[in-house]
Amino acid sequence: MDCIFCKIIDGSIPSKKVYEDDMMLAFHDIEPAAPVHVVMVPKAHIESADALNEENVKYVAHIFSKAGEIAKSLGLKNGYRIVNNCGPDGGQTVFHIHFHLMGGKQLGTMV
Ligand code: AMP
Ligand code: ZN
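What the sequence shown shows, in this note's numbering, is residues -10 to 100, in sequence order.
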């Protein structure tokens, strides 16, 4: 499968890892949109939020259960933003579900 995030997970594409366990990987975004910008991905190829179901949603729950710990490890003491882009109109460019964890400045209102 030609998926850049699956290749990052299997190590064939290098990344700057910040957290890893058996269900997820978090690494620094190659084009940061904030002073701190990491991408959190499940170790299962789920295309997008639109492909979530009762069986695979555990990966999303797990990612959110670790997000606070990851944010703290990155020094984000005053809050952060978690973003998921879903589908072409949502701005998704990599079709392996992921959550952007951003912070390090006041990000302003988005929605
Ligand atoms: P999205 O537009 O929501 O699909 O987000 C995809 C994100 O993946 C973008 O913020 C890219 O900068 C990031 N990205 C793409 N390739 C890499 C890579 N090799 N290493 C780290 N981040 C990447
Ligand atoms: Zn994948």
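Yeah, the Cβ is synthetic: ideal placement off N, Cα and C, and Gly gets one too.
Using 8 Å as the cut-off, classify the Cβ of residue i as near or not near the heavy atoms of the ligand AMP, replying yes or no.
i: V49; result: no
i: I(-2); result: no
So residue i and residue j are supposed to be a Cβ contact under 8 Å. How far apart are they, rounded?
i: M91; j: K55; result: About 16 Å separates the two Cβ atoms, so there is no contact after all.
i: N45; j: A33; result: 6 Å
i: I(-7); j: V83; result: 6 Å
i: V27; j: L63; result: 7 Å
Quick check: does the Cβ of residue i come within less than 8 Å of any heavy atom belonging to the ligand ZN?
i: M(-10); result: yes
i: F16; result: no
i: H26; result: no
i: F(-6); result: yes
i: H89; result: no
Hey, out of the options, whose CA is closest to residue i's CA?
i: P31; options: I86, T98 and I59; result: I86
i: K94; options: I19, G57 and A23; result: A23
i: D105; options: I52, I71, A15 and G76; result: Any property of residue 105 remains undetermined from this structure, which presents the chain solely from -10 to 100.
i: P21; options: K5, I35 and D10; result: K5
i: G57; options: D18, I(-7) and V7; result: V7
i: K66; options: I19, F16, V25 and D(-9); result: V25
i: F53; options: T98, M99 and A15; result: A15
i: D11; options: H51, N74, K(-4) and P3; result: H51
* To do: May I have all residues whose beta carbon comes closer than 5 Å to any heavy atom of the ligand AMP, sorted in chain order?
  => D18, I19, E20, N74, Q81, T82 and V83
* To do: Mind listing, in chain order, the continuous beta strand (DSSP E) runs of no fewer than 3 residues lying wholly within the region 63 to 90?
  => 70 to 72
* Which runs of the alpha helix (DSSP H) fall wholly inside the region 37 to 67 and span at least 4 residues, in chain order? -> 46 to 62
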